[in-house]
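**Q** The structure's right below; bear with me while I get my questions together.
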Amino acid sequence: MMIDRDFRMLIGGELVPGAAQLAVENPATGETFAEAPDASPTDLDAAVAAARGAFAGWRDTPIETRRKAIIALADRLIEEVEPMKRLLTREQGKPHKDAAEEVLGAANWLKAAASLDIPVTVNEDSAERYSETRYVPLGVVAAIAPWNYPLILASFKLGPALLAGNCVILKPSPFTPLTALKLGELAADIFPAGVLNVISGGDAVGPWLTSHAGIDKVSFTGSTATGKKVMAAASDTLKRVTLELGGNDPAIIMHDVDAEAIAQQIFWAAFGNAGQICIASKRIYVHKDVYEALRDALVAYARTVKVGDGAEQGTQIGPVNNPQQYDRMRDLIRDARAQGYVFLTGGEAEEVPGHFIPVTIIDNPPEQSRIVQEEQFGPVLPLLMFDNYEEALARANACEYGLGASVWGADEDAAWALAERIESGNVWVNETRHLSPFASFAGHKQSGLGVENGEDGLLEYLLPKTLTRKRAGR
C-alpha cells in the first residue's frame, strides 16, 4: 500500500516536516496508510516561541479583524468538505456521511464563536468613581483534541481562544492527526505567523506541551485519567485548564413512552459513532412496564444496521478507532460472558481486518457489573430494568461522572422534574446529545472542569481585569 507522507506541521506560519514520522492506521483495515510528523521537543519549543512572539500583535488586533479570520478558516473548511471527509473517515473510521457532518459542524462552530462578543461590565459610575471589568486574553493556549471527533472538538477550542486574542498550539490525537494538520494547512495564510500552530506526535508530546513553561492555558478533551495528568502537569506554573472528560451517561425511560416510537432515537443515542462519544447514552434505565417492548424494538432495529468500513456505501457504524479501544471492548465483552450475562445482540468480535465490534446489547446485567460501572466508549450497551423513579434516580446518580443524561417520557413536565434531579452538567428531555455553540457545556463531578461553548466558554480564554478611576476632586 502506498504511504501518504504529504503532511506538515504549522509552526510560525511555515509548513514544516518533523524529524521523525508517526504511522497512521485506517481502523477499518488496520493498515498504515499515512505518516504524520512526530514532533520533537525542539519543534514544540519553536511553536511556543512563535506563539509567544505573535501574541502581542494578535491581542492588539481589532476584534472585528479576528472575527473575519476565524470565519475565513470556516469557509475554507466548507470548500474542502469532500477531501476532508474522506481523510477523516480513513483516519477515524466514521462513515462518510458522519464525517461530512463533522467537517461542516466544525465550520459552523467556528462561525458561531466568531459571532460572540467579549463583555464589559460597569461596576460603578458615580460622582465619586468609575469602575469597569473587562476581559483580556491569557497568552498562549494549548488545545488538545481527541480522536473521536478530531475536527469539531478542536473547533470548540480554536474559535473562542482565537477570538479572545490568544495564540494557539493545536495538538491532535496521535490516532487522528491528519485532518488537524490539513486544517493547519488551510489556515497558514489566514492568520499572522505564529497565531495558530498545529503540531502532531506520539504520546510524549502531550506531557511536553502541558508542562511547558511557555503555555498559559491548556484546554483538553479526553479521558478522566488523562485529564488528571494534565491538571497535575499544569499545576507547576498555575496554568489555567479547561478539562472536558469522561462520562457514563444514564438515560431514564419512563413508564409512559411509546417504545416503538423512540427505539431508533435511543439506539443512535448509544451507538452513534460506534458509541465513541463522551455524551453517548451508556446506561439505559427502562421502567419495568415498557422494558420488554423497548428491548425487543431495539434488538429488531439493531439487526437492520450495517456495521462496516465507513468508506463503503450504506455503512451506518464504522470500526472502533484504535487497537487499545478495540481491546478494551473485547475485554468488557469477555467479562460479561464470563459472568453469564445475556447478550441480546452481538457479543463476539469477528476475526476480520480492522477494529470491528458488532452492536452488542446486554440484557439487564447487575448494577455493579463492569459494563454498567465503567465508561465503555464503544458499541456495547447495558439495558437495565427499574421499578420506581426514586430507584432510577439513585442508580443514575451513583456515579463518579456527571457529563450528560437524558429522560424520556410522554408527560414532559414529569420528565422535566426528573431531569432537574439528575446530577449532570447536561440533561436532555426526549432527545439527547443536542449541543449549541451558544449554550454552556460543562461536566460535573469527575467529568471535567470549566466550560466550553457560549459566552461562558469564551470567558475561559480570558482573564477579568477591573479598572477603577477616582473622580477628580472627589
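The number in this note's numbering is simply the position in the sequence shown, starting from 1, with 16 added.
The beta-carbon is built from N, C-alpha and C at its ideal position, and this holds for glycine as well.
Since we're looking at a predicted model, the values are computed, not measured.
Where DSSP assigns a beta bridge to residue 147, which residues make up the other side?
**A** Its beta-bridge partners are 140 and 484.
**Q** Tell me whether the beta-carbon of residue 16 lies closer than 8 Å to the beta-carbon of residue 348.
**A** The structure shown does not extend to residue 16, since the chain is modelled only from 17 through 490, so no value can be given for it.
**Q** My guess is that residue 21 and residue 201 are in contact by the Cβ rule of under 8 Å, so how many angstroms apart are they, rounded?
**A** Not quite, the Cβ-Cβ distance comes to about 14 Å (not below 8 Å), so this is no contact.
**Q** Apart from the five residues just before and just after residue 64, which ones in its own chain have a Cβ nearer than 8 Å to its Cβ?
**A** Closer than 8 Å at the Cβ level, and outside the excluded window around residue 64, lie 156, 185, 228, 230 and 231.
**Q** Which partner residues does residue 303 have in the DSSP bridge list?
**A** 402, per the DSSP bridge assignment.
**Q** Taking the straight line between their C-alpha atoms, what separation do you get for residue 370 and residue 335?
**A** Cα-Cα distance, rounded: 7 Å.
**Q** When you compare the CB positions of residue 287 and residue 333, do they come within less than 8 Å of one another, or not?
**A** Cβ distance < 8 Å, so residue 287 and residue 333 count as in contact.
**Q** Which residue spans inside the region 336 to 408 form an unbroken beta strand (DSSP E) run of at least 3?
**A** Segments of the beta strand (DSSP E) lying fully in the region 336 to 408: 358 to 361, 376 to 379 and 396 to 402.
**Q** Where residue 100 and residue 122 are concerned, what is the direct C-alpha to C-alpha distance, given to the nearest angstrom?
**A** Going from the Cα of residue 100 to the Cα of residue 122 covers about 11 Å.
**Q** Only counting the same chain, and skipping five residues up and downstream in sequence, which positions put a Cβ closer than 8 Å to that of residue 431?
**A** Same-chain partners within the cutoff: 270, 423, 424, 425, 445 and 446.
**Q** DSSP beta-bridge partners for residue 187?
**A** The partner list for residue 187 (beta bridge, DSSP) reads 160.
**Q** In its own chain, which residues sit with a C-beta less than 7 Å from the C-beta of residue 145, not counting the 5 before and 5 after it?
**A** If we look at residue 145 and ignore the five residues flanking it on each side, its Cβ neighbours are 484, 485, 486 and 487.
**Q** Could you tell me the distance, in whole angstroms, from the CA atom of residue 521 to the CA atom of residue 143?
**A** As displayed, the chain neither begins before 17 nor continues past 490, which places residue 521 out of reach and without an answer.
**Q** For residue 480 versus residue 151, is the C-beta spacing smaller than 8 Å?
**A** Yes.
**Q** My parser needs the alpha helix (DSSP H) runs of 4 or more residues fully inside the region 228 to 284; what are they?
**A** You should have 240 to 251.
**Q** Label residue 2 either buried or exposed according to how many other C-beta atoms from any shown protein chain fall within 10 Å of its C-beta, with 16 as the threshold for buried.
**A** The first residue shown for the chain is 17 and the last is 490, placing residue 2 beyond what the model contains.
**Q** Would DSSP call residue 450 helix, strand or coil?
**A** The answer is coil: DSSP assigns residue 450 none of H, G, I, E or B.
**Q** Mind checking which residues open and close the alpha helix (DSSP H) that includes residue 289?
**A** Per DSSP, residue 289 belongs to no alpha helix (DSSP H) and is neither H nor E.
**Q** Between residue 214 and residue 26, which are expected to be in contact by the criterion C-beta below 8 Å, what is the C-beta distance as a whole number of angstroms?
**A** The pair is a contact, with the Cβ atoms about 4 Å apart (cut-off 8 Å).
**Q** Considering only DSSP beta bridges, list what residue 420 is partnered with.
**A** In the DSSP output, where bridge partners are listed per residue, residue 420 has 442.
**Q** Taking the beta carbon of residue 110 as the centre, do at least 16 other beta carbons fall within 10 Å, making it buried, or is it exposed?
**A** Per the 10 Å Cβ criterion, buried.
**Q** Does the pairing of the region 292 to 309 with the region 87 to 107 give three or more beta-carbon distances under 8 Å?
**A** Contact fails: fewer than three Cβ-Cβ distances are below 8 Å.
**Q** State the Cα-Cα distance for the pair residue 256 and residue 474, rounded to the nearest angstrom.
**A** So the two alpha carbons sit approximately 14 Å from each other.
**Q** Quick one: what does DSSP say residue 77 is sitting in, helix, strand or coil?
**A** Here residue 77 sits in coil by DSSP.
**Q** Comparing alpha-carbon positions, which option in 211, 478, 162 and 79 lies nearest residue 66?
**A** Here the closest residue by C-alpha is 211.
**Q** For residue 300, which residues from the same chain have a beta carbon less than 6 Å from its beta carbon, with the 5 sequence-adjacent residues on both sides left out?
**A** So the list reads 267 and 399, once near-sequence residues are dropped.
**Q** Anyone know if the C-beta pair for residue 193 and residue 296 falls short of 8 Å?
**A** No.
**Q** With DSSP run on the structure shown, which of helix, strand or coil describes residue 105?
**A** Three-state DSSP puts residue 105 in a helix.
**Q** Between 359, 341 and 327, which has its C-alpha nearest residue 113's C-alpha?
**A** The candidate whose alpha carbon is nearest that of residue 113 is 327.
**Q** Taking 8 Å as the cut-off, decide whether the C-beta atoms of residue 238 and residue 162 are in contact.
**A** Yes, the pair counts as a contact, with Cβ atoms nearer than the cut-off.
**Q** Is residue 313 closer than 8 Å to residue 354 when the C-beta atoms are compared?
**A** It is not a contact, given that the beta carbons lie outside the stated cut-off.
**Q** For residue 206, I'd like the list of residues in its chain whose CB is within less than 6 Å of its CB, leaving aside the five on either flank, ordered along the chain.
**A** Result list for residue 206: 85, 88 and 89, in chain order.
**Q** Could you give the first and the last residue of the continuous beta strand (DSSP E) run that contains residue 27?
**A** Taken as a continuous stretch (DSSP letters only), the beta strand (DSSP E) holding residue 27 covers 25 to 27.
**Q** Go through its chain and collect everything with a Cβ distance to residue 209's Cβ below 6 Å, but skip five positions before and after it.
**A** Hits under 6 Å: 28 and 29.
**Q** According to the Cβ coordinates, are residue 394 and residue 329 closer than 8 Å?
**A** No, Cβ-Cβ distance for residue 394 and residue 329 is not below 8 Å.
**Q** Over what stretch of residues does the beta strand (DSSP E) that includes residue 41 continue unbroken?
**A** First-last of the beta strand (DSSP E) with residue 41: 36 to 42.
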